[in-house]
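Notes follow the structure.
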Amino acid sequence: MLFRKVAPFTIRHIKRPDLNTDDRLAVKVLEQASREFQVAPPVTLHLPDPLLMAGIWGLMRESFVIHSSGRMVREGVAAAVSKLNECPYCVDVHASMHLSAGGKCSALNDDLFTGSTPSAMAYQWASETLNPDSEVISEPKILPADRPQIFATAICFHFINRMVNIFLDAAPMPMPAANSAFMRSFSRASLRFFGRRMVQLDGSPGVFIIDTSEMALPPEFSWSVSDPNVAGSLARFTYAAEEAGRESLHEDVRALVTGHLREWHGEQPELGRSWVEALVEPLDARLRPSARLALLAARASWQIDDRLIQDFRALVDDDRTLVQVTGWAAFAAVKRIAGWL
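When you line the sequence shown up against the numbering used here, it's residues 224 to 564, in that order.
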């Protein structure tokens, strides 16, 4: 109830999602998420494109939600990845949920995740997922049987963080002075309280909402093949994200973004946006707003501001297209990350 009634007020740049939608695919996602997790804004912000929402929910379900016995470890992974991506909303949520799942310390403090416990090893690994040259990445100290879910959890949140940075406020709860120390502490306490129920929920693996044969698992996700359910969710997520890109972005923009990402090795972009302007300059002027948006969604989602959104909407004033452009770009980035795991 909290996430369904209150949390949607944190959504920005698009209309608050209509949770009473009659779109059949969206209804299936909302019903399954309500039973097994929560109807939460990081999922429902994708509702303008129900296929994309089904894709990311399916990945979150199979990687993060299913098998509640390992949830504490995966909450730590989600928090570590969220710190890398400078996503305060997700850090607050998953630090609190880590405690709700049985953790004895906050995932906000790296110094508390030392040692060789499964939780510590997974957290240390997740903290290096933007550093492909790290020995922690090349030789992960995570049990092979656990790797598909843990790796896919990291990929899921590299995507979610980018979308949350763009479309949600920094605090999970809309309340006065949400950035003050007291109110942030209150918000985290509330999340821990409601999180106790969420981390105990579970479901049967492999119950997919997207039913299609038009999908294949990209080689970047080959580490998932030992778990057919995780692999199936990644294939469906790929299908949904690629469909979003084909519908919303000119092929020249997609080629620009994927070409740029091939040269990316996890490093932070330089300060400012001169690097973006240099990349988009050869494009037709009408393609540049979507290219700027896509490049920043992939590399520096926290830099996307009202002006950038306004420039995009001056050409395409449509929530569905806005979500599709950013969703495809976020997917392109996480596909690149997946290739070095």
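We put the CB at the ideal spot given by N, CA and C, even for glycine.
Contacts around residue i, its chain only, beta-carbon distance under 6 Å, and the 5 residues preceding and following it disregarded
{"i": "V448", "result": "A454"}
{"i": "A330", "result": "The predicted model places A330 with a pLDDT of 47, which falls under 50 and marks its position as unreliable; any figure quoted below should be read in that light. G299, A302, A318 and H321, listed in sequence order."}
{"i": "D392", "result": "T233"}
{"i": "E254", "result": "none"}
{"i": "G562", "result": "E443"}
{"i": "F382", "result": "A553 and V557"}
{"i": "R543", "result": "P271 and D272"}
{"i": "P240", "result": "T267 and L270"}
{"i": "S456", "result": "G281, L282 and E285"}
{"i": "N184", "result": "No information on residue 184 is available, as it lies outside the stretch 224 to 564 that the chain covers here."}
{"i": "A523", "result": "P492"}
Cβ pair residue i, residue j closer than 8 Å
{"i": "L307", "j": "A463", "result": "no"}
{"i": "V296", "j": "A345", "result": "yes"}
{"i": "F460", "j": "I279", "result": "yes"}
{"i": "S373", "j": "I365", "result": "According to the sequence as given, residue 373 is Ile; it is not Ser. Cβ atoms of I373 and I365: closer than 8 Å."}
{"i": "A375", "j": "L282", "result": "yes"}
{"i": "R284", "j": "E259", "result": "yes"}
{"i": "T244", "j": "L268", "result": "no"}
{"i": "P428", "j": "Y312", "result": "no"}
{"i": "A458", "j": "A439", "result": "yes"}
{"i": "I237", "j": "L564", "result": "no"}
{"i": "P363", "j": "W348", "result": "yes"}
Residues of its chain near residue i, where Cβ-Cβ distance is below 7 Å and the 5 sequence neighbours each way are ignored
{"i": "S257", "result": "none"}
{"i": "S513", "result": "L472, V476, F535 and V548"}
{"i": "S357", "result": "E351"}
{"i": "D540", "result": "none"}
{"i": "H483", "result": "L502 and L518"}
{"i": "S305", "result": "C313, V314, H317, F380 and N384"}
{"i": "D246", "result": "P273"}
{"i": "R511", "result": "V503"}
{"i": "V480", "result": "A517, L518, A521, A552 and A555"}
Option in the options with minimal Cα separation from residue i
{"i": "N384", "options": "S361, D542 and V266", "result": "V266"}
{"i": "D528", "options": "V539, R515, D540 and L538", "result": "R515"}
{"i": "I433", "options": "P273, L440, D245 and P264", "result": "P273"}
{"i": "E486", "options": "T435, P371, L502 and A377", "result": "L502"}
{"i": "K558", "options": "K238, P442, A520 and F390", "result": "P442"}
{"i": "N354", "options": "Q491, Y312 and F554", "result": "Q491"}
{"i": "A552", "options": "L519, S436 and V499", "result": "L519"}
{"i": "E309", "options": "T340, I389, V250 and K238", "result": "I389"}
{"i": "G293", "options": "P341, R522 and A249", "result": "P341"}
{"i": "G426", "options": "L242, Q261 and E362", "result": "Q261"}
{"i": "W525", "options": "L248, V387 and V430", "result": "V387"}
{"i": "A605", "options": "A556, H488 and S305", "result": "The first residue shown for the chain is 224 and the last is 564, placing residue 605 beyond what the model contains."}
{"i": "D450", "options": "S286, A249 and P240", "result": "S286"}
{"i": "L538", "options": "R509, R530 and A523", "result": "R509"}
{"i": "I560", "options": "S445, D241 and L531", "result": "S445"}
{"i": "L248", "options": "S339, R530, T435 and P264", "result": "T435"}
{"i": "V499", "options": "G489, S339 and L531", "result": "L531"}
Contact set for residue i: own chain, Cβ-Cβ below 8 Å, skip 5 residues either direction
{"i": "D507", "result": "D475"}
{"i": "V252", "result": "V266, P273, M276, A277, W280 and I432"}
{"i": "E437", "result": "Y462"}
{"i": "R496", "result": "R515, L519 and Q526"}
Residue-level contact to chain D via CB, residue i, 8 Å cutoff
{"i": "S339", "result": "Included in the structure is just one protein chain, with no chain D present."}
Contact the segment 547 to 554 vs the segment 461 to 472: 3+ CB pairs below 8 Å: yes
Taking the runs of the alpha helix (DSSP H) that are 4 residues or longer, which of them lie wholly in the segment 346 to 370? 358 to 361
Length at least 4, wholly inside the segment 445 to 482: the alpha helix (DSSP H) runs in chain order: 451 to 471
Write down every uninterrupted run of the alpha helix (DSSP H) in the segment 494 to 522 whose length is 4 residues or greater and which is fully enclosed by it, in chain order. 497 to 503 and 511 to 522
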